[in-house]
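Report on the structure given below.
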């Protein structure tokens, strides 16, 4: 057995914190996530400090928060004055490159959502798959889509390999692919191949599933595993209170989800749960491969998600808010040789802490903007008192900041200077905004936000001694079209007859 442990990170995309049976959700079946819960520690107050795909993933690979990485949404900003120009110049080497320098063989499999899409991240083996392809070359070179093209050409005609998007984005679906060749099964099988390597070095592996990100399209039979009539309704209060953050109705319209009724919401939840149970089954294949090795007990496994999914809660879909449905994530860490089993911890942790978790396991923790979780677990570091989250470019109308402590959550929105305050102990569903009645709590947490923003990369959010505020404006509503651009499909045809003519022409070739 090597002295250094193996380190295996497993990430899902858009999985809520409350989707694990062993942690209290009796509506869902997750036997392999339950295995991980029993194997180690469940951090039940874990957050994505920028709850949307690109920045969340960069916080993991850099150990740095949005002001340092300069990503506050799915767009990337130039460096701020006083910062190095490149990402690794500002943050230090990416996690895979860091682990490689410490003697690890490294492999990364699945969705990475880098900018550019094929950014080199430091893995010895990097099998990179994405949901959308901008060019024929990108689809061809995507590890999963290229595998379908080569190994399963009978399915290469499928434009949307993970399910239809655009107007179908929030429609209950079935995977266009059989369970044996979905992107999740592909990722699990490639991970098993890496775990069966006879390389004697310890490994650092990163497996990143694309699901359960919409469209909710589990393969047979997981598409019919859950009866929608047995699904609980979304949690919501008055829509005006829920939509104090205009990002929510904006996003609903963006992804064709502005008018979803309760029966459809329950059907979507059923398919979402089906997708999670299917991924859980794929996860089981990976865990079996870990346990088949002689060094299983000296393997640190951490399971987490990049962010959550509103799933109709607060009259909202998708992510990009600081409601718990969007920002609170599952976070399971296990290492039988060193960490206790079947343990729950309420410490405030976040994705940024993963960098120190991996580097600490390798022998020398490098917390960067996070904290040393191993030191905290073992009583060598005090848990953080406050957790801060950021979304939207600082100094713009869409900027918002969250501060969470053991009891309260405060959210400030630059658009209108709106504020929310929730007591997370007595109101975990965030249904009662208490900002007006507890100004002393608001001011205390707002001071924490001001201090967190007073640093290179985020000072644009400040205005004198306060947070910059804009007169409230409704964000312009617009649709997003997510067709297969790599095959020249960008929008619906202006005249439906044009498509019919194209179809007829294709049949005569």
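Numbering (the numbering used here), first residue to last: 845 to 1353.
In this text, a Cβ means the ideal position worked out from N, Cα and C, and glycines have one as well.
Residue 858 carries a coil assignment under DSSP once its states are collapsed to helix, strand and coil. Assignment of residue 1292 by DSSP, reduced to helix, strand and coil, places it in the helix class. Rounded to the nearest angstrom, the Cβ distance from residue 926 to residue 1283 is 35 Å, too far for a contact under 8 Å. Around the beta-carbon of residue 928, fewer than 16 other beta-carbon atoms lie within 10 Å, marking it exposed. Residue 1218 counts as buried, since no fewer than 16 other beta carbons sit within 10 angstroms of its beta carbon. With distances taken between CA atoms, residue 1307 lies nearest to 1239 out of 1239, 1342 and 1113. In this structure, residue 956 lies away from residue 1009, with their beta-carbon atoms at least 8 Å apart. In the displayed model, residue 1161 falls within coil according to three-state DSSP, outside both helix and strand. In this structure, 979 is the residue among 1220, 979, 1028 and 873 with its C-alpha nearest to the C-alpha of residue 1328. When only Cα atoms are considered, residue 951 and residue 862 end up about 29 Å apart. For residue 1215, no alpha helix (DSSP H) segment is defined, and its DSSP state is neither H nor E. Only residues of its own chain outside the window of five on either side were considered, and among them 914 have a CB closer than 6 Å to the CB of residue 921, listed in chain order. Counting only runs of at least 3 residues, the segment 1178-1208 fully encloses the following beta strand (DSSP E) elements, listed from N- to C-terminal order: 1187-1194. Take the alpha-carbon of residue 877 and the one of residue 1001: they are about 34 Å apart. Beta-bridge partners assigned by DSSP to residue 1262: 1257. The Cβ atoms of residue 967 and residue 1047 do not sit closer than 8 Å to each other. For residue 912, same chain residues with a beta-carbon under 7 Å away, outside a window of 5 residues either side, are 934, 935, 1213 and 1301 in chain order. Three or more beta-carbon pairs separated by less than 8 Å are not found between the segment 1034-1048 and the segment 1077-1097, which leaves the two stretches without contact. With contacts defined as CB atoms closer than 8 Å, residue 1156 and residue 1109 qualify as a contacting pair. Cβ neighbours of residue 1343 within its own chain (closer than 8 Å, five residues either side excluded): 1337. Going by DSSP, residue 967 is part of no alpha helix (DSSP H) at all; its letter is neither H nor E. Ranked by how close their Cα comes to the Cα of residue 1074, the residues 1312, 1333 and 870 have 870 in first place. At the C-beta level, residue 1205 and residue 1144 come within 8 Å of one another.
According to DSSP, residue pairing for residue 1173 in a beta bridge involves 890. Scanning the segment 1043-1123 from its first residue to its last, the whole alpha helix (DSSP H) runs of 4-plus residues come out as 1083-1086 and 1091-1098.
When Cβ pairs closer than 8 Å are counted between the two stretches, the segment 1152-1167 is seen not to touch the segment 1176-1185, the count staying below three. Taking all protein chains in view, the Cβ of residue 1348 is surrounded by fewer than 16 other Cβ atoms within 10 Å, so the residue is classified as exposed.
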